[in-house]
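Protein chains in written order, with the numbering used here: chain A, 113 to 334; chain B, 2 to 184.
Glycine included, C-beta positions come from ideal geometry on N, C-alpha and C.
From a predicted model like this one, the values you see are computed outputs, not experimental measurements.
Data block below; observations after.
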Amino acid sequence: MALRINLYHEVLRAKRQEQYDPLKLSLIGLIVVVVGMAGYYVVQLKRTSDARTAFNVQKAEFDRLSPEQKEAEKKEAELNKQIDLAEKLTKRMEKRIYWAPLFESIMATVPPNVQLTKLTCDTGREKGGTSQMNIEGIAADHEPRAVAEDLRKAIAERIAAKYPNATATFRNLDDSTEHLQVGGKRFAAVVFTINVAFRIETEPATPAAPTKRLAKNETPTP
Amino acid sequence: MKLSKDQIQKIVLGGMLFCGVIYSYFEFLLGPLSSGREQALKNTQEIIPKIAAARAQIAKTKGIEAKAPASQRIIEQVNAMIPEGAPIAWVPTRLTELLKREGVEKASARMVGEHSEKELTGFGKYGWSVEIPRVEFITFGGALSALENSEPLMEVQTLEVEAGREDIQFQRVSFTLHNIVRL
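Now the structure itself:
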């Protein structure tokens, strides 16, 4: 068996030592880390740039909208004033009390043996909004009080058709000292005052326009 | 493997340099970048509701603008119903002429007061008293109806109808009314 003698072991060791040089290895490691860090930085830079771009887009939009918004706010305030004024004017016109149709309703309830002598009306706008009517008159019959009561009920019913909260009450109902002639006969008479009160606020809808003429089949004499 | 003193010095120096690089990397490169991004995201989050509010405001105003012509028309119609000049110059004439047209003669109207209108900006309210010494109730009813129909800016406030003492066919009428006028 031949004896093998390695005369290059010193050369090989030096070669191996050079191959695993720690300085060289750490340099390689450093390069890898630096490349990694640079890559991460680029990724972060891109994310930041995207976020800034998104913000700039939104800011540009806001800058564009901001003057429009201020203008819109100003215009809204003006328009609201105008709309409010128009609504109040309309409401004022719609909530008026139409007295003529109320008179027509009342006159339609007056029987021939009743004479109305005085009618006073008040919208009550300055006194809390309750409208009032006072109807004074004379009723003549065998039972004049019953006639006056029937008239009160009929008036209450008619007014309640327009104003559901309407009430009709007697302010006074007194026997008259005089006897009246109706259809050639003498009857006892009572003088009465009926008070009608109602509130316009609870009226269900816009009041119907009053008819041009009063009913002609009745001949009331207030 | 045994490191020489020179190599150990180089490794230590390299290590220190590496630490410095890492610190600088995070402190001077990544740090500002990260805070800049966070700030941008925060600003974006803050500005988004503002944009939404601005858009909503613009849309709301457009919605109101759509309603505005109707209200503008109403105001114009009301203005058209009020003649130019002082109310004392035209209201009594207008009232007496209207009553005359409806068959009510000898009516007289006079101003009884001026009232402020807090609700109606740019408008005021005048009070008028009308006296009709002799009228038939049916004729007066027709005239009142015509007045209420043709003068939406006027409202009869108080009214008194009294039967005539001498001639029962006729009544004495007095009423007050308020009239909306432009200031």
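Chain A within 8 Å of residue i, Cβ atoms only
i             : result
residue 84/B  : no
residue 211/B : The structure shown does not extend to residue 211/B, since chain B is modelled only from 2 through 184, so no value can be given for it.
residue 145/B : yes
residue 12/B  : yes
residue 142/B : yes
residue 117/B : no
residue 133/B : no
residue 19/B  : yes
residue 30/B  : yes
Residue i at chain B interface by Cβ criterion, 8 Å
i             : result
residue 209/A : yes
residue 321/A : A caution first: residue 321/A carries a pLDDT of 46, below 50, which makes its placement in the model too unreliable to give a value.
residue 195/A : yes
residue 232/A : yes
residue 127/A : no
residue 115/A : no
residue 239/A : no
residue 235/A : yes
residue 332/A : Any reading at residue 332/A must be qualified, since the residue scores a pLDDT of 43, below 50, and its modelled position is unreliable; the value itself is stated next. Yes, contact with chain B.
residue 164/A : yes
residue 136/A : no
residue 265/A : no
residue 171/A : yes
residue 131/A : no
residue 212/A : yes
Closer than 7 Å: residue i CB and nearest the ligand SAH heavy atom
i             : result
residue 210/A : The ligand SAH is not part of the structure shown, which contains no ligands of any sort.
Rounded Cβ spacing between residue i and residue j (contact assumed at less than 8 Å)
i             : j             : result
residue 153/A : residue 31/B  : 7 Å
residue 160/A : residue 37/B  : 5 Å
residue 142/B : residue 216/A : 7 Å
Within 8 Å, strictly: CB atoms of residue i and residue j
i             : j             : result
residue 177/B : residue 105/B : no
residue 211/A : residue 121/B : no
residue 180/B : residue 92/B  : yes
residue 248/A : residue 279/A : no
residue 171/B : residue 132/B : no
residue 260/A : residue 222/A : no
residue 58/B  : residue 194/A : no
residue 243/A : residue 232/A : no
residue 66/B  : residue 191/A : yes
residue 246/A : residue 305/A : yes
Beta strand (DSSP E) segment containing residue i, residue limits
i             : result
residue 176/B : 171-183
residue 230/A : 226-234
residue 141/B : No beta strand (DSSP E) contains residue 141/B, which is instead part of the alpha helix (DSSP H) from 138-151.
residue 111/B : 109-116
residue 162/B : 155-164
residue 301/A : 297-311
Boundaries of the alpha helix (DSSP H) in which residue i is found, first to last residue
i             : result
residue 256/A : 256-274
residue 1/B   : This structure does not reach residue 1/B, given that chain B is present from 2 up to 184, and the question cannot be answered.
residue 13/B  : 6-25
Please list the residues of the region 39-56 of chain B that have a C-beta atom closer than 7 Å to any C-beta atom in chain A, keeping them in chain order.
For the region 39-56 of chain B, which is checked against every Cβ of chain A, the residues closer than 7 Å are 41, 42, 44, 45, 48, 49, 51, 52, 55 and 56.
Taking beta-carbon pairs under 7 Å, can you tell me which members of the region 140-160 of chain A lie near chain B?
Interface annotation for the region 140-160 of chain A against chain B: 142, 149, 153, 156, 157, 159 and 160, criterion Cβ-Cβ distance under 7 Å.
Please identify, using Cβ separations under 8 Å, the residues of the region 175-207 of chain A that lie next to chain B, in order along the chain.
Taking 8 Å as the Cβ-Cβ cut-off against chain B, the residues of the region 175-207 of chain A that qualify are 177, 178, 180, 181, 184, 185, 187, 188, 191, 192, 193, 194, 195, 197, 198, 199, 200, 201, 202, 204 and 205.
Note down, in chain order, all residues in the region 216-231 of chain A with a beta-carbon under 9 Å from any beta-carbon belonging to chain B.
Of all residues in the region 216-231 of chain A, the ones placed with a Cβ closer than 9 Å to any Cβ belonging to chain B are 216, 219, 227, 228, 229, 230 and 231, in chain order.
Along the region 145-168 of chain B, where does the CB come closer than 9 Å to a CB of chain A? Name the residues.
So the close ones are 145, 146, 147, 148, 149, 150, 153, 154, 155, 156, 157, 158, 159, 160, 161, 162, 163 and 164.
Listed in chain order, which residues of the region 59-77 of chain B have Cβ atoms closer than 7 Å to some Cβ of chain A?
Across the region 59-77 of chain B, CB contacts with chain A closer than 7 Å involve 59, 61, 62, 65, 66, 68, 69, 72, 73, 75 and 76, in sequence order along the chain.
Taking a Cβ distance cut-off of 7 Å, strictly less, list which residues of the region 94-123 of chain B are near chain A, in chain order.
From the region 94-123 of chain B, only 120, 121 and 122 have a Cβ closer than 7 Å to chain A.
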